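First comes the structure, then the notes that go with it.
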Amino acid sequence: MAPWYAKNLLKDIPEVGRRINVCSWRHISREYNERAHQLAKAALNEDIPMMNRTDSWLMVELANLEGRHNRIFVRRPEELATSILRNEACDVNCDGVIDGNSGEEVVKRHKVVEFSKLVDVGLSDELAVETISFVRVNGAPAPHSFDDQGLNSDMAVAVVEEDNNAGSMPHVLMVSFPGQGHINPLLRLAKRIAAKGLLVTVSSTDEMGSRIAVATAKSIAQLAVPTPVGYGFIRFEFFPDGLALDDPARKDLDSLMPSLRTACPPALAELIRRQASAGRPVSCVVNNPFIPWVLDVAVDLGIPCGVLWVQSCAVFTIYYYYYHALTEFPTADNPDLTVNLPGLTPLKPEELPTFLHWTSPYQVLKKVILEQFGNISKASWVFANTFEELEREAIAPISGRIPIIPVGPLVENDDDDSVRGDIFKAAEDCMDWLERQPPCSVVYVSLGSVVVLGDEEMAELAWGLAGCGQPFLWVVRNDARELLPEGFEEAAGEGGKVVEWSPQSQVLAHPALACFVTHCGWNSTQEALTAGVPVVTYPQWGDQVPDSKLLVEECGVGVRLRSPAAREEVRLCVEAVTRGEGAEAIRKRAAEWRASATKAVAEGGSSDRHIQAFVDEIRKRACGSGSGDCN
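Numbering of the sequence shown is given in the numbering used here, commencing with residue 131 and proceeding in unit increments.
Spelled out as structure tokens, the structure:
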């Protein structure tokens, strides 16, 4: 694939074959990378002008390497655009093709490549959206993408020859339940898949799309434009859920879940059919928990499908054995029964996910969680947000029943924030405040986006933090801020900061962090291990208790704060992981887990190999079906 610029610049080199993957936005597939370098360097050695007013990593880097900064200044953009619309070759005056070093003119005229297709891919900015809209209507790049000084550096359209284009990349559709804790790991997996050369569309409900658009300051149209990630692309597209944006049913799971099940399957099926009409047929569908009907839609359309499990493999095992009645669990008649499962340490009743307690008031959530085990056998892949080094003993036994594929830890990569799925806007001054704190001093507190503590519990936690003698950063939802005790924020002063939301992965990686007081949601658990930060666990419900058990008893990276919190207990727990007798050993183990987590997702690591194997399989299937590039 090549950008729309003159690909014939390379055509006379003997080694060049019919399909050359020298392209913009770094979407060269891995297997072509070295070859593309050789071809481009050969072009430079032959004094063939190259354009570096693009986002092409290959072209720019090689031009800089060779000390050649050639540009093509197109004087007659209308002629070029008109010719492309007619799908013809044309001659374009290239007055101003200048050698960047000597200033000598090296080329006067050049025959522009014969174009046959346009790819609607581009950068996530307003110009890109405008240009893509033009392309979809007219089938060619718009003249406004040029200027008198040369190629616009924000140019967002690529054209390609025949079937070798980004549209022919295998296309994975990833569908998320509408919730921040659900879309985060799904999007992070999407980035890793896309980085290996696939097109990934991340999808959820329209309401979720609206919240992402507000939090990321982008329009829905901008979110739909493919953004380059590694060698591939990510885009967003959403579907209706049958509810008005202000419908109170959105806050009531009993009402929301039936609406999703009724309205969303046909809407999702239509979205999938729309991808084929747009020239990007879906090669695979992946969904996360709470929306098992996505598997049914994919199967009905004859599309391979997978599931991303967003909790631990241990918790997957517990639910799987419970759903299929493969062992006994505590009941009202036998409340003290200890549960023994393959690969797991014995589980006391209070160590099980709270939804499985016979006294649990969350029967709707229990039904939703267990429902997905009814059709999970339809999935060709069951990905898990974990890694072999963390849960090897749990993964092996359950894989004999369901082939679990560890692809975690799915945590945010600070090097790439070009694609985000935030529905909450982080406090802008959060990181600035951290910068002013001493190294290894800050107590970071975040209990997730769902649970709200009671008045007394909130007050005890607040005064416990104030009594620690260390600066603290506390994430508190706006609707819970009124529960903070009177005078607390004034008493904390500059040493305490309360925010509605924070960029958690960045906070945990900051050198000012001393420890993390966490509810032990699985995303936060993975982020804590990846950051190598000691923890004070304060589990509330769901899978958080077994997650706390993993962090404290198996990983040895923290202590547990018992519920309900008491201020003196808060102070003692923070002291235990920061200044206490065992704090140094806890920090050492946390650093070891950080190394293991980092290794798992690095190139060639255990999770990276699993993702690469999936990508290879999707390429193979797409090639066999004729819907993807076979090279």
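Note that beta-carbon positions come from the ideal geometry of N, C-alpha and C, so glycine has one too. Predicted, not measured: the structure shown is a model, and the values here were computed from it.
Identify which residue in SER442, VAL440, GLN441 and LEU477 has its Cα closest to the Cα of GLU458.
On the sequence shown, residue 458 is found 328 positions in, with the first residue counted as 1. For GLU458, the nearest C-alpha among the options comes from LEU477.
Just the Cα atoms here: how many angstroms apart are VAL647 and ALA658?
Locating residue 647 in the sequence shown gives position 517, where the first residue counts as 1. Locating residue 658 in the sequence shown gives position 528, where the first residue counts as 1. Computed Cα separation, rounded: 10 Å.
Return helix, strand or coil for TYR574, following the three-state DSSP convention.
Along the sequence shown, read from residue 1 onward, the residue named residue 574 stands at position 444. If DSSP states are grouped into helix, strand and coil, TYR574 belongs with the strands.
How should ASP466 be labelled, buried or exposed, when 16 other C-beta atoms within 10 angstroms of its C-beta is the threshold for buried?
On the sequence shown, position 336 is the one that residue 466 refers to. Label assigned to ASP466: exposed.
For a test of the three-state rule: what should DSSP assign to GLY662, helix, strand or coil?
Position 532 of the sequence shown, counted from the first residue, corresponds to residue 662. Reduced to three states, the DSSP call for GLY662 is coil.
Kindly indicate the opening and closing residues of the beta strand (DSSP E) around HIS301.
Counting from one through the sequence shown, the residue named residue 301 turns up at place 171. 301-305 is the extent of the beta strand (DSSP E) around HIS301.
Got a sec? Which residues, its chain only, sit under 6 Å from ASN515 by beta carbon, not counting five neighbours each side?
Here the question's residue 515 lines up with position 385 in the sequence shown. Taken in chain order, the residues that qualify are PRO315, VAL440, GLY538 and LEU540.
Measuring alpha carbon to alpha carbon, tell me which of SER635, GLY578 and GLY672 ends up nearest THR484.
Position 354 of the sequence shown, counted from the start, is the residue given in the question as residue 484. Checking every option, the nearest Cα to that of THR484 belongs to GLY672.
Decide if ASP609 is buried, meaning its Cβ has at least 16 other Cβ atoms within 10 Å, or exposed.
In the sequence shown, the residue the question calls residue 609 occupies position 479. Result: exposed.
So the alpha helix (DSSP H) ILE506 belongs to, where does it begin and stop?
Indexing the sequence shown from 1 puts residue 506 at position 376. Counting along the chain, ILE506 falls outside any alpha helix (DSSP H), and DSSP gives it neither H nor E.
Excluding five sequence neighbours on each side, which residues of the same chain lie with their C-beta closer than 8 Å to the C-beta of VAL629?
Translated into the one-based positions of the sequence shown, residue 629 becomes position 499. Closer than 8 Å at Cβ, skipping near neighbours: ALA556, ALA557, CYS560, LEU603, TRP604, VAL605 and VAL606.
Count the other CB atoms, across all protein chains shown, that sit within 10 Å of the CB of GLN493; report buried if there are 16 or more and exposed otherwise.
Counted from its first residue, the sequence shown places residue 493 at position 363. It is exposed - the Cβ of GLN493 has fewer than 16 other Cβ atoms within 10 Å.
Between the alpha carbons of PHE307 and PRO601, how many angstroms are there, rounded?
Reading the sequence shown from its first residue, position 177 is the one you call residue 307. Reading the sequence shown from its first residue, position 471 is the one you call residue 601. Their Cα atoms are separated by approximately 36 Å.
Residues in the same chain with beta-carbon distance under 7 Å from ILE506, minus the five sequence neighbours each way, listed in chain order, please.
Position 376 of the sequence shown, counting from 1, holds the residue named residue 506. Answer for ILE506: VAL437, VAL512 and ILE532, listed in chain order.
Here's a check: name, in chain order, each residue in its chain whose Cβ is nearer than 8 Å to the Cβ of GLY734, leaving out the five neighbours to either side.
For the purposes of this step, residue 734 is taken as the residue at position 604 of the sequence shown. There are no such residues.
Pull up the DSSP beta-bridge partners for ILE535, would you.
Sequence index remark: in the sequence shown, residue 535 carries index 405 (1-based). Beta-bridge pairing links ILE535 to PHE513.
Cα-Cα separation, LEU174 to GLY362
Position 44 of the sequence shown holds residue 174. Position 232 of the sequence shown holds residue 362. At LEU174, the pLDDT of 45 sits below 50, so the modelled position is not reliable; the number obtained from the coordinates is stated separately. Cα to Cα, the separation comes out at about 26 Å.
Would you kindly report the start and end of the unbroken alpha helix (DSSP H) that includes THR728?
Residue numbering aside, residue 728 sits at position 598 when the sequence shown is read from its first letter. 713-731 is the extent of the alpha helix (DSSP H) around THR728.
Would ASP677 be called buried (16 or more neighbouring beta carbons within 10 Å of its own) or exposed?
Along the sequence shown, one-based indexing puts residue 677 at 547. ASP677 comes out buried.
In chain order, what residues of the same chain have a beta carbon less than 7 Å from the beta carbon of ASP277, not counting five sequence neighbours either side?
Working through the sequence shown from its first residue, we reach residue 277 at position 147. Confidence at ASP277 is low in this model, with a pLDDT of 34, below 50, so the placement of that residue should be treated as unreliable; the coordinate-derived value is given next. Answer for ASP277: no residue qualifies.
Taking 7 Å as the cut-off, decide whether the C-beta atoms of TYR800 and HIS649 are in contact.
Nothing about residue 800 can be read from this structure; the chain reaches only from 131 to 761.
Decide if the stretch 392-406 is in contact with the stretch 364-384; the criterion is three or more beta carbon pairs, one per stretch, under 8 Å apart.
yes
Can you list, in chain order, the residues of its chain with a C-beta nearer than 7 Å to that of VAL663? Leave out the 5 residues immediately preceding and following it.
As a position in the sequence shown, residue 663 is number 533, starting the count at 1. Excluding sequence neighbours, VAL663 sits near LEU638, LEU643, CYS645, PHE646 and ALA720.
Outcome for GLU447 when other beta-carbon atoms lying within 10 angstroms are tallied against a minimum of 16:
By 1-based counting over the sequence shown, the position of residue 447 is 317. According to the sequence as given, residue 447 is Thr; it is not Glu. THR447 is buried by the Cβ-count criterion.
Span separating the alpha-carbon of GLN502 from that of TYR452:
Looking up residue 502 in the sequence shown gives position 372. Looking up residue 452 in the sequence shown gives position 322. Cα to Cα, GLN502 sits roughly 13 Å from TYR452.
Are the stretch 378-386 and the stretch 343-359 touching, with three or more C-beta to C-beta distances below 8 Å?
no
The beta strand (DSSP E) spanning PHE363 covers which residue range?
As a working note, residue 363 is residue 233 in the sequence shown. Element bounds for PHE363: 362-369.
Own chain partners of VAL572 with C-beta closer than 8 Å, once the 5 adjacent residues on each side are dropped:
Numbered from 1 along the sequence shown, position 442 holds the residue referred to as residue 572. Correct list, in chain order: LEU564, GLN600, PRO601, PHE602, LEU603, HIS640, ALA642, LEU643 and ALA644.
According to the Cβ coordinates, are ALA526 and ALA444 closer than 7 Å?
Here residue 526 refers to the residue found at position 396 of the sequence shown. Here residue 444 refers to the residue found at position 314 of the sequence shown. No, these two residues do not count as a Cβ contact at 7 Å.
Using the C-alpha atoms, what's the distance from GLU722 back to ILE402?
Position 272 of the sequence shown, counted from the start, is the residue given in the question as residue 402. Position 592 of the sequence shown, counted from the start, is the residue given in the question as residue 722. So the two alpha carbons sit approximately 43 Å from each other.
When you compare only the Cα positions, how much space is there between GLU587 and VAL665?
Counting from one through the sequence shown, the residue named residue 587 turns up at place 457. Counting from one through the sequence shown, the residue named residue 665 turns up at place 535. Their Cα atoms are separated by approximately 19 Å.
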